[in-house]
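What follows is a single structure, written as structure tokens, with notes after it.
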Amino acid sequence: MSEDLWVEKYRPKKMSDVIGNEQAKAAFTEWLKSKTRRKKAVLLHGPPGIGKTALINAAAKDHSYRIVEMNASDTRTESTINKIALPATTSFALDEFSADRKENLLFLDEVDGVFGNQDKGGITAIVKIIEESKIPIILAANNVENQKLRPLKKVCEYIRFQQIRTPLIIMALQKICRGEHVKAEFEALEKIAENSQGDLRSAINDLQRLAGDKHHLILQDTLVLSSRNKDVDIYETLKGVFLAKSFVKALNILNRSRVDFDELLLSMSDNIPNRYQNSIELGRAYDLVSRADVFTGRIARENWNLLKYVSSYIAEAATVNPQSYKQFELITPPIRIIKLFWTRGKRTTLDNICAKIGHRCHISKSTAKEDVIPYIKAIMQQEKSDPLAVWLNLEAEEVEYIKKMDKI
Amino acid sequence: MVVLNKKGFKLPYIDREKFILLMRLGCDRNQSSFYIKNYNNINRLVDTISGILDGEKVTFLQNCLTCGKDFACSDCKYCDLCTTRDLPFQCICPQCLKDGTSIDENAENNDL
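Residue numbers (my numbering), protein chains in the order written: chain E, 888 to 1295; chain W, 573 to 684.
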């Protein structure tokens, strides 16, 4: 086998060589070329092996940038980031008047991996650098749904990359085969492309593994390929299970999913009324979701062998009548979680009031909430609030909050 | 089933909330028609458009990167596996894939 890895050998040299994601490429080019950027940084996100890093490297060549890169192999604590990235983003090089001068471009790869004690303060440092930077900053991540990446949303423009379509992967493999003088059966390339599930990098690696030595490839050679399981997010999971034509297909999607089953159950119960118009089907689906919920409770922390029943009930609930599927607007994240998010301020205020009452009356917060607050509300609504508020040490806003409370 | 053109499509009257939602999801308005400006939330956008059209299945024609022709996802034998089925992204039409014409070759032919 040749020494070079084909993924490196055939890495795109210019932006037009990058396959797929035409719209994302156009959006990225527009951002890079723009003199007045709305946001100083851009975050390219999408599954692995679809050309995010390749596009950045090719763009740097096309537009004459020098890349200063930090990736997952570096420790990315606040101090390390400040040590490497801050000088690159705020200072100017001495070759400013040289004809070959290249402007710096900071590239932070796999930012969704900047977590834990090892990378403490990493995200905060990145946000600070973006705010103070004089050069373009590009970030790449596989999954941006993580709560810890939320601060980046304010300072970064998000560009989503999709999986590469199978025909495009086949075409890329054909090109490599021509370059490497490999005689490959079309069906074999088709099999490799399908197995890669939109991941061009893994498809090229598979091709090299199977055909690198012998310069010919037949369909039989691809039998050794093991199937790749890709993680599926909540939106794709919901869409997949509702679209599934059979119980088994829905179950396969759930088995590949990375979602939290508690969140999935909430989303299922939100979306089922839109999915089933028939009341009998709707009732059956809710019954199955409730059974799944019972088993989720029984799993607790250790009985993970029961997870298969949860998946089965959810898959069955999604395929009560596959023929009746009609496209509808999916509700995610779950309404309950959204409501909890919107009412967090109110709940915090109520919690503080209950704590003050509890402290003064020597009772628990829950007792204060259930037994005492209704009386305090009644007293305060009769404009006798001042002495009581002083005694309980309540702020003016808290008094107003109690007066306007509908119910607890 | 409703086939839309990503460069411009018309929708029936929509209320203010739906209009704002469309704009947030990446749609924009150009005189009398809508077009897709941002593809980050394309799945949700298509679902929302489908909701506006009373649950009609919404599909977009695909554009072949090699020959430039438009074609439907249903013509492609890989569409069942495709995560971006019926969404407005470029692809390779079955004919070009069968012929084995690469994008580079086609570009060279066009230059000549």
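Think of the CB as a built atom: it goes at the ideal place given N, C-alpha and C, for glycine as much as any other residue.
Which residues in the same chain as asparagine 969/E place their Cβ atom closer than 7 Å to its Cβ, once the five residues preceding and following it in sequence are excluded? Ala1012
Interface flag, lysine 629/W vs chain E, CB-CB below 7 Å: yes
If you measure between the beta carbons of alanine 928/E and isoleucine 1017/E, is that distance less than 7 Å? yes
Using a Cβ-Cβ cut-off of less than 7 Å, list which residues of the stretch 1201 to 1226 of chain E approach chain W; keep chain order. Lys1213, Gln1214, Phe1215, Glu1216 and Leu1217
Near proline 666/W, what residues of its chain come up, given a Cβ to Cβ distance below 8 Å and the 5 sequence neighbours on each side ignored? Phe643, Asp647, Cys648 and Lys649
Taking 7 Å as the CB-CB limit, is proline 586/W close to chain E? Checking the sequence, you will find isoleucine at residue 586/W rather than proline. Answer no: the Cβ-Cβ gap between isoleucine 586/W and chain E never drops below 7 Å.
Determine, using beta carbons only, whether glutamine 667/W comes closer than 7 Å to chain E. no
Does the stretch 1219 to 1235 of chain E come close enough to the stretch 1188 to 1204 of chain E that 3 or more CB-CB pairs lie under 8 Å? no
Once DSSP output is grouped into helix, strand and coil, what is the label at serine 1020/E? coil
Nearest to proline 935/E (by Cα), restricted to the options Ser903/E, Ala1027/E and Asn1082/E: Ala1027/E
Measure from the alpha carbon of glutamine 1210/E to the alpha carbon of each residue in Asn908/E, Gly1085/E and Ser1133/E, then state which is nearest. Ser1133/E
Below 7 Å between beta carbons: does that hold for lysine 882/E and isoleucine 1289/E? With chain E represented from 888 up to 1295, any question about residue 882/E goes unanswered, as that position is not in the structure.
Cβ-based burial, tryptophan 1229/E [other Cβ within 10 Å; buried from 16]: exposed
Spell out the partners DSSP gives tyrosine 607/W in its beta bridges. Asp600/W
Who are the Cβ neighbours of methionine 1267/E in its own chain at under 8 Å, not counting the five residues just before and after it? Leu1275, Ala1276, Val1286, Ile1289 and Lys1290
Going by CA-CA distance only, name the one from Arg925/E, Lys1021/E and Ile1051/E that's closest to isoleucine 664/W. Ile1051/E
CA nearest to the CA of lysine 629/W, picked from Thr655/W, Val618/W and Asp600/W: Val618/W
Specify, as a first and last residue, the run of the beta strand (DSSP E) that alanine 928/E falls within. 928 to 932
Check each residue of the stretch 1083 to 1095 of chain E: if its Cβ is closer than 9 Å to any Cβ of chain W, include it; give the result in chain order. Gln1084 and Gly1085
Below 8 Å, how does it come out for the stretch 1243 to 1257 of chain E and the stretch 577 to 593 of chain W: are there three or more Cβ pairs, yes or no? no
To which residues of the same chain is tyrosine 1196/E closer than 7 Å at the C-beta, ignoring the five residues directly before and after it? Phe1182
Backbone CA spacing between tyrosine 1262/E and tryptophan 1278/E [nearest angstrom]: 15 Å
By a C-beta neighbour count over all protein chains shown, 10 Å radius and 16 as the cutoff for buried, is asparagine 1192/E buried or exposed? exposed
Rounded separation between isoleucine 1057/E and alanine 1080/E - CA only: 6 Å
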